[in-house]
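Colleague: Questions regarding the structure given below will be posed in turn.
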Amino acid sequence: MDLDWTALGEVAAVSTGVTVAVVAVFALGVLGLSRADSTRTTGRPRTAGRAPTAGRAPTAALAQAGVCFLACAAAVGYGIYLIVPQFH
Amino acid sequence: MDHITFLVAVVIVTALAFDFTNGFHDTANAMATSIATGALTPRTAVLVSGVLNIVGAFLSTEVARTISGGIVDDTLVTPGMVFAGLVGAILWNLLTWLLGLPSSSSHALFGGLIGAVWVGAGQHGVHFSKVVEKVLVPAVASPIVAGVAALLATYLAYRITARARTESVTRGFRLGQIASASLVSLAHGTNDAQKTMGVITLTLISAGALGHDAGPPLWVVAAAGLAIGLGTYLGGWRIIRTMGRGLTDIQSPQGFAAEAAATTVILSSAHLGFALSTTQVCSGGILGAGLGRRLAEVRWGTAGRMVIAWLVTLPAAALVGGLSAIAVTHGGNLGTALIALLAAAVATAIVLASRRNPVHARNVNDAHRVTLRGAAPASVGSAA
Numbered sequence: 106m107d108l109d110w111t112a113l114g115e116v117a118a119v120s121t122g123v124t125v126a127v128v129a130v131f132a133l134g135v136l137g138l139s140r141a142d143s144t145r146t147t148g149r150p151r152t153a154g155r156a157p158t159a160g161r162a163p164t165a166a167l168a169q170a171g172v173c174f175l176a177c178a179a180a181v182g183y184g185i186y187l188i189v190p191q192f193h
Numbered sequence: 006m007d008h009i010t011f012l013v014a015v016v017i018v019t020a021l022a023f024d025f026t027n028g029f030h031d032t033a034n035a036m037a038t039s040i041a042t043g044a045l046t047p048r049t050a051v052l053v054s055g056v057l058n059i060v061g062a063f064l065s066t067e068v069a070r071t072i073s074g075g076i077v078d079d080t081l082v083t084p085g086m087v088f089a090g091l092v093g094a095i096l097w098n099l100l101t102w103l104l105g106l107p108s109s110s111s112h113a114l115f116g117g118l119i120g121a122v123w124v125g126a127g128q129h130g131v132h133f134s135k136v137v138e139k140v141l142v143p144a145v146a147s148p149i150v151a152g153v154a155a156l157l158a159t160y161l162a163y164r165i166t167a168r169a170r171t172e173s174v175t176r177g178f179r180l181g182q183i184a185s186a187s188l189v190s191l192a193h194g195t196n197d198a199q200k201t202m203g204v205i206t207l208t209l210i211s212a213g214a215l216g217h218d219a220g221p222p223l224w225v226v227a228a229a230g231l232a233i234g235l236g237t238y239l240g241g242w243r244i245i246r247t248m249g250r251g252l253t254d255i256q257s258p259q260g261f262a263a264e265a266a267a268t269t270v271i272l273s274s275a276h277l278g279f280a281l282s283t284t285q286v287c288s289g290g291i292l293g294a295g296l297g298r299r300l301a302e303v304r305w306g307t308a309g310r311m312v313i314a315w316l317v318t319l320p321a322a323a324l325v326g327g328l329s330a331i332a333v334t335h336g337g338n339l340g341t342a343l344i345a346l347l348a349a350a351v352a353t354a355i356v357l358a359s360r361r362n363p364v365h366a367r368n369v370n371d372a373h374r375v376t377l378r379g380a381a382p383a384s385v386g387s388a389a
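Residue numbers (the numbering used here), protein chains in the order written: chain A, 106 to 193; chain B, 6 to 389.
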């Protein structure tokens, strides 16, 4: 019996790294969405029209959310690629 | 079809029955946390998971070329031993389901085969060093890895979103959970349905109905996929309750972290050739997610009972497999038929016992524990 400790260590390192990265990026995306939501709801009653600052904040927050969710979607895509043998 | 003897037919039916129990035993792996956090309604969750399991079954072309992955000497395995091993695995799966304990279907199958081969072919038929290497070490390591990954990820997720609006966070992570849970289901379908296809195909080859090196015929792929998909759709609600509500109180960021951890551990280890138990990985992820959120209560009593079930799974299934193998090897077709009838009777008793306190889609989230009124488990346990 010989155990492949290197492979075991690799699995541990890769899994932990990928999990933490994906969840952290997703959390940043959620944070972006939340900021966009709160700017939209709190920004409206104060300014009747669309003040430039109130307009920009949700755009930046939405962009942050978009980039983060795209990155997560890419990770999911890679996961599907790994699962489906026909893609290899 | 001249080659399909009584025994071969019984093995095929039993293998599909195992596949079915494998499906409903493991619905919880992918869907328990999504159901607990409300990311998916219970009915939608089992439908999505069932469909993805069938899709996964059809996608997996690389069907297992060995029945056991080298744990037993495949050249010594007869269809009778496969049948006896499957009986051990099915009965153990049903008993743990009755008690609401998430245990590994793969370990049950390995255990049943080990017991059957040990009795049928002798101790030299079992490769004990392979058992340690392929079963025990991954069984200890994988839940710990998934747990640590989920713990760190959960901690970070709560740190990052600490100042965000709670409803945005809950909604966002719920959507993420749908994707992560679907990935687990798909991976499950490609792995677990394949085991049953391998068992049926190898039995057909040994009976001469298929040529050597033949792949599984379409009907085998379709039957195995449907059996696991239907089992998944039926939903092992008792186990879903334990995993989703029993181990810890799960919020959607934790559910997402647990599922992400489980998915990466399953995929990275499959890539490197480790066989591991989806159930144990997912349970480890859920416990880690419970530890990663401050103030979350982890119910160690439930976790302890689950770990005991993990330890007992292989030997218990081996015991039933071994006992069945005695009857099958000495009793021929009559012994096989008797064991099949006895197994069906025990399975019916377990299902009837579950009716005393049923868990279903409508009450799965209502309580933390799966309880049995009356003293049913003791008598059922000794009969199995």
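We put the beta carbon where it would ideally sit given N, CA and C, even for glycine.
Whose Cβ in chain A lies nearer than 9 Å to the Cβ of residue 64/B?
Modeller: Against the second sequence, residue 64/B aligns to sequence position 59. Per Cβ cutoff of 9 Å: 188, 189, 190, 191.
Colleague: Tell me the DSSP secondary structure of residue 114/A in three-state form.
Modeller: To locate residue 114/A, count along the first sequence from 1; it is residue 9. Three-state DSSP puts residue 114/A in a helix.
Colleague: With a threshold of 9 Å between beta carbons, is residue 351/B in contact with chain A?
Modeller: The residue given as residue 351/B occupies position 346 in the second sequence. By this cut-off, residue 351/B is not an interface position.
Colleague: Give a yes or no on whether 9 Å exceeds the smallest Cβ distance from residue 171/A to chain B.
Modeller: For the purposes of this step, residue 171/A is identified with residue 66 of the first sequence, where counting begins at 1. Judged by the 9 Å Cβ criterion, residue 171/A is not in contact with chain B.
Colleague: Return the Cβ separation of residue 97/B and residue 322/B in integer angstroms, given the expectation that the two are a contact with Cβ distance under 8 Å.
Modeller: Here the question's residue 97/B lines up with position 92 in the second sequence. Here the question's residue 322/B lines up with position 317 in the second sequence. Sure, about 4 Å apart at Cβ, within 8 Å.
Colleague: Give the interface partners of residue 261/B over in chain A, defined as CB-CB distance under 8 Å, in chain order.
Modeller: Counting from one through the second sequence, the residue named residue 261/B turns up at place 256. Under the 8 Å cutoff, chain A gives 128, 131.
Colleague: How many Å lie between residue 334/B and residue 10/B at the Cα?
Modeller: What you label residue 334/B is simply residue 329 of the second sequence in a count that begins at 1. What you label residue 10/B is simply residue 5 of the second sequence in a count that begins at 1. Distance between the alpha carbons of residue 334/B and residue 10/B: 16 Å.
Colleague: For residue 28/B, report the span of its alpha helix (DSSP H) as first-last.
Modeller: Position 23 of the second sequence, counting from 1, holds the residue named residue 28/B. That run of the alpha helix (DSSP H) goes 11-42.
Colleague: Near residue 294/B, which residues of its chain fall below 6 Å by C-beta distance, leaving aside the five closest residues on each side in sequence?
Modeller: For the purposes of this step, residue 294/B is taken as residue 289 along the second sequence, with counting starting at 1. Cβ neighbours of residue 294/B beyond the five flanking positions: 155, 159, 259, 262, 263.
Colleague: By the three-class DSSP mapping on this structure, what secondary structure does residue 122/B have?
Modeller: Locating residue 122/B in the second sequence gives position 117, where the first residue counts as 1. Note: residue 122/B maps to helix in three-state DSSP.
Colleague: So the candidates are 73/B, 104/B, 138/B, 100/B; which of them puts its Cα closest to the Cα of residue 116/B?
Modeller: In the second sequence, counting from the first residue as 1, residue 116/B sits at position 111. The residue with the shortest Cα to Cα distance from residue 116/B is 73/B.
Colleague: In the DSSP assignment, what are the bridge partners of residue 253/B?
Modeller: Taking the second sequence and counting its residues from 1, the one referred to as residue 253/B is at position 248. In DSSP, residue 253/B forms a bridge with 303/B.
Colleague: Counting only beta-carbon separations shorter than 9 Å, does residue 175/A have a partner in chain B?
Modeller: Position 70 of the first sequence, counted from the first residue, corresponds to residue 175/A. Chain B, which has no Cβ nearer than 9 Å to the Cβ of residue 175/A, makes this no.
Colleague: From what residue to what residue does the alpha helix (DSSP H) around residue 243/B run?
Modeller: Residue mapping note: residue 243/B aligns to position 238 of the second sequence, counting from 1. Here the alpha helix (DSSP H) through residue 243/B covers 242-246.
Colleague: Please state whether the Cβ-Cβ distance between residue 81/B and residue 126/B is less than 9 Å.
Modeller: Numbered from 1 along the second sequence, position 76 holds the residue referred to as residue 81/B. Numbered from 1 along the second sequence, position 121 holds the residue referred to as residue 126/B. Result yes, Cβ atoms of residue 81/B and residue 126/B sit closer than 9 Å.
Colleague: According to DSSP, is residue 77/B helix, strand or coil?
Modeller: Residue numbering aside, residue 77/B sits at position 72 when the second sequence is read from its first letter. Strand, per DSSP.
Colleague: For residue 253/B and residue 164/B, I'd like the C-alpha separation in whole angstroms.
Modeller: To locate residue 253/B, count along the second sequence from 1; it is residue 248. To locate residue 164/B, count along the second sequence from 1; it is residue 159. Whole-angstrom Cα-Cα distance: 20 Å.
Colleague: Would you identify the three-state DSSP class for residue 204/B, choosing helix, strand or coil?
Modeller: Position 199 of the second sequence, counted from the first residue, corresponds to residue 204/B. Residue 204/B falls in the helix class under three-state DSSP.
Colleague: Is residue 86/B near the ligand GTP, in the sense that its beta carbon is under 8 Å from a heavy atom of that ligand?
Modeller: Of the ligands one can find in the structure shown there are none, so the ligand GTP has no counterpart to examine.
Colleague: Could you give the first and the last residue of the continuous alpha helix (DSSP H) run that contains residue 150/B?
Modeller: Translated into positions along the second sequence, residue 150/B becomes position 145. 142-165 is the span of the alpha helix (DSSP H), which, as asked, contains residue 150/B.
Colleague: Residues of chain A with CB under 7 Å from residue 274/B, in chain order?
Modeller: Position 269 of the second sequence holds residue 274/B. Correct list: 116.
Colleague: For residue 124/A, decide whether its Cβ has a neighbour in chain B, counting only Cβ atoms nearer than 9 Å.
Modeller: In the first sequence, counting from the first residue as 1, residue 124/A sits at position 19. Yes, residue 124/A counts as interfacial toward chain B.
Colleague: With residue 48/B as the anchor, note down where its alpha helix (DSSP H) starts and where it stops.
Modeller: Indexing the second sequence from 1 puts residue 48/B at position 43. That run of the alpha helix (DSSP H) goes 47-64.
Colleague: Give the single residue among 347/B, 199/B, 314/B, 235/B whose Cα lies nearest to the Cα of residue 102/B.
Modeller: Working through the second sequence from its first residue, we reach residue 102/B at position 97. When only C-alpha atoms are compared, the closest one is 314/B.
Colleague: Going by other Cβ atoms of all chains shown within 10 Å of its Cβ, with 16 needed for buried, is residue 185/A buried or exposed?
Modeller: Position 80 of the first sequence holds residue 185/A. Looking at its Cβ environment, which holds fewer than 16 other Cβ atoms inside 10 Å, residue 185/A is exposed.
Colleague: Verify the CB distance criterion: does residue 167/A have a CB-CB separation below 9 Å to chain B?
Modeller: Your numbering for residue 167/A matches position 62 in the first sequence. So no, residue 167/A is outside the interface.
Colleague: Considering only the alpha carbon of each residue, which of 373/B, 305/B, 193/B, 296/B lies closest to residue 30/B?
Modeller: Taking the second sequence and counting its residues from 1, the one referred to as residue 30/B is at position 25. If we check each option's Cα against that of residue 30/B, 193/B comes out closest.
Colleague: Going by CA-CA distance only, name the one from 56/B, 142/B, 88/B that's closest to residue 112/A.
Modeller: Counting from 1 along the first sequence, the entry for residue 112/A is found at position 7. Answer by Cα proximity: 142/B.
Colleague: So does the stretch 121-136 of chain A actually touch the stretch 166-186 of chain B, counting three or more Cβ pairs closer than 8 Å?
Modeller: Touching, per the Cβ criterion.
Colleague: Does the CB of residue 107/B have a neighbour CB from chain A at under 9 Å?
Modeller: Taking the second sequence and counting its residues from 1, one reaches residue 107/B at position 102. Answer no: the Cβ-Cβ gap between residue 107/B and chain A never drops below 9 Å.
Colleague: When you compare the CB positions of residue 325/B and residue 16/B, do they come within less than 9 Å of one another, or not?
Modeller: Taking the second sequence and counting its residues from 1, the one referred to as residue 325/B is at position 320. Taking the second sequence and counting its residues from 1, the one referred to as residue 16/B is at position 11. Cβ atoms of residue 325/B and residue 16/B: not closer than 9 Å.
Colleague: With DSSP as the reference, label residue 131/B as helix, strand or coil.
Modeller: For this step, residue 131/B is matched to residue 126 along the second sequence. Residue 131/B: strand per DSSP, three-state reduction.
Colleague: Are the beta-carbon atoms belonging to residue 147/B and residue 282/B less than 9 Å from one another?
Modeller: Indexing the second sequence from 1 puts residue 147/B at position 142. Indexing the second sequence from 1 puts residue 282/B at position 277. Result yes, Cβ atoms of residue 147/B and residue 282/B sit closer than 9 Å.
Colleague: At least one CB of chain A closer than 9 Å to the CB of residue 265/B: is that the case?
Modeller: Walking along the second sequence from the start, residue 265/B turns up at place 260. Cβ-Cβ to chain A under 9 Å: yes for residue 265/B.
Colleague: May I have the straight-line CA-CA distance separating residue 149/B from residue 228/B, to the nearest angstrom?
Modeller: As a position in the second sequence, residue 149/B is number 144, starting the count at 1. As a position in the second sequence, residue 228/B is number 223, starting the count at 1. Roughly 35 Å separates the two Cα atoms.
Colleague: Would you mind reading off the limits of the alpha helix (DSSP H) that contains residue 83/B?
Modeller: Counting from one through the second sequence, the residue named residue 83/B turns up at place 78. Looking at the DSSP string, residue 83/B is not in any alpha helix (DSSP H), and its letter there is neither H nor E.
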